[in-house]
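Residue numbers (our numbering): 1 to 149.
To start, the structure itself, in structure tokens.
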């Protein structure tokens, strides 16, 4: 009887942590390239939207469609890769970088321009010694992932 209880407890624990283990799967190099394509297109889209406007579900679906066409994938495969990338837990340093970015962004006057936003991104990337692409990746994961909810 004791072995049965231990087995049930073990299976219960494994079922409980399985989603967390799956979410922590790192992206392969190939998947990371696809993910970065999505990130860059999303960030480019942000620069074209009016102030205080976020991309819509349709905007994201259009990005999936464009990336799928470029890499000869299905949209569902592109979305799977995007979700896998979004599920990666940000590090403490990622949070620090994101907080610094938004501290500066929040200080911008309402009349700020796209160039002002770009300058802030460049300054934060330089401050933390990361590429602009890496900053965009952190921003995308934090904005679009479930980490900020």
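The beta carbon of each residue, even a glycine, is placed where N, CA and C say it ideally should be.
Since we're looking at a predicted model, the values are computed, not measured.
For residue 130, the secondary structure class from DSSP, reduced to helix, strand or coil, is coil. Beyond the five residues adjoining it in sequence on each side, residue 116 comes within less than 7 Å, by CB distance, of 108 in the same chain, given in chain order. DSSP places residue 69 inside the alpha helix (DSSP H), whose first and last residues are 57–71.
The Cβ atoms of residue 93 and residue 124 lie no closer than 8 Å to each other. Short of 8 Å from the beta carbon of residue 132, and not among the five residues preceding or following it, lie these beta carbons of its own chain, in chain order: 121, 122 and 125. Annotation for residue 141: 85, 86, 88, 90, 94 and 147 place their beta carbon closer than 8 Å to its own, counting only its chain and skipping 5 residues before and after. Sequence-distant Cβ neighbours of residue 82 in its own chain, meaning closer than 6 Å and more than five residues away, are 38.
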